[in-house]
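Here the sequence shown is numbered in my numbering, starting from -9 and rising by one per residue.
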Amino acid sequence: MQTETLIYNAQGDPIKLRGTKKGVLFTAKKIPDFLTSVMEGKIWAALDTTTTVALVARPDVTASLTAQNPAASPTWKVVFSLLAYTDVVPATLAMVSFWQCVHKLAAAALTRDLVLQGTGAGVAMSFKGGKSYEGDLILDRGATVINDGWVPVGDPMVSNIATTNFLAKEIPLRVPVILPPGMSYSLQTTSTVVTAETALGLVWGEFDPDELQ
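Shown next, in the form of structure tokens:
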């Protein structure tokens, strides 16, 4: 729901402004402020604890990690950054690159391989302490997905230390990815050498539709 109000310029001419039902005026920046969203308990992070072997070719229809916003969800999901770590890389110079794909076509509900509610592996962490995840985001590992175009994102991880070295990083997205209900977002990794193993995760927000329009 949108609200409207009038302000007047120096000549006394009325100018119509639009805002949300909560009274927040629309500005050119449509995505809510990150820190404000943290204070409101709307920002979450989750990291897979199972690594998978990185590809040695451009991704196609198999994703390492897929986030799905269910078709019946009341919220839109916004992905702000990626999380990643390796626990196995060859004992040589190796580079692991990251790819993303937004699926514009609806897909059947995926398997909840990462249980975000509660505690333990894959649990969703709130950036506002003391909150347990009650949302409906689905995170699936190794799903077969629709190839709607993969593009690389962020800088690679580079290793030349040892076979097991546990590299880790966060990759902020220059352009946040918005997932309306029924949309999916997949991640995959590629490596310059075989046997590199990685695990992936997300930092995301959950918003009412009128907060993004």
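Backbone N, C-alpha and C define an ideal beta-carbon position, used for all residues, glycine too. Treat the numbers as computed from the prediction; the structure is a model and nothing was measured.
Going along the chain, which residues of its own chain have a beta-carbon closer than 6 angstroms to the beta-carbon of residue i, five neighbours each way excluded?
i	result
residue 144	88 and 161
residue 183	80 and 84
residue 10	200
residue 45	180
residue 101	130
Out of the options, which one is the CA nearest neighbour of residue i?
i	options	result
residue 110	187, 38, 31 and 188	38
residue 119	33, 196, 189 and 10	33
residue 25	117, 47 and 50	117
residue 52	179, 64 and 200	179
residue 108	36, 40 and 43	36
residue 164	171, 172, 142 and 173	142
residue 55	5, 133 and 173	133
residue 42	20, 78, 28 and 73	78
residue 61	29, 192 and 170	170
residue 122	136, 177 and 106	106
Name the two residues that bound the continuous beta strand (DSSP E) containing residue i.
i	result
residue 157	Careful: residue 157 lies outside any beta strand (DSSP E) and carries neither H nor E.
residue 196	187 to 197
residue 202	No beta strand (DSSP E) contains residue 202, which DSSP labels as neither H nor E.
residue 85	84 to 93
residue 182	Premise fails: residue 182 is in no beta strand (DSSP E) and is neither H nor E.
Here's a check: name, in chain order, each residue in its chain whose Cβ is nearer than 7 angstroms to the Cβ of residue i, leaving out the five neighbours to either side.
i	result
residue 157	75, 76, 147 and 149
residue 40	131 and 189
residue 86	44, 76, 146, 147, 179, 181, 186 and 188
residue 197	22, 32, 65, 66 and 68
Would you say the beta carbon of residue i is closer than 8 angstroms to some non-hydrogen atom of the ligand COA?
i	result
residue 100	This structure does not include the ligand COA; it has no bound ligands of any sort.
Apart from the five residues just before and just after residue i, which ones in its own chain have a Cβ nearer than 8 angstroms to its Cβ?
i	result
residue 167	68, 69, 90, 92 and 175
residue 115	34, 35 and 36
Can you tell me whether residue i is buried or exposed, with buried defined as 16 or more other CB within 10 angstroms of its CB?
i	result
residue 186	buried
residue 124	exposed
residue 58	buried
residue 63	buried
residue 195	buried
residue 128	buried
residue 173	buried
residue 104	buried
residue 2	exposed
Should residue i be flagged as near chain C, meaning a C-beta pair shorter than 9 angstroms?
i	result
residue 83	Considering every chain present, this structure includes no chain C. It has just one protein chain.
Practice task
Kindly provide the ranges of any beta strand (DSSP E) runs that are 3 or more residues long and lie completely inside the segment 102 to 155, ordered along the chain.
Solution key: Under the rule that a run must span 3 or more residues, the beta strand (DSSP E) segments found entirely inside the segment 102 to 155 read 128 to 131 and 147 to 149.
Exercise for the section: Tell me the start and end of each unbroken beta strand (DSSP E) in the segment -3 to 81 that is at least 3 residues and wholly inside, in chain order. Expected result: Whole beta strand (DSSP E) segments, 3+ residues: 4 to 10, 33 to 37, 55 to 58 and 66 to 78.
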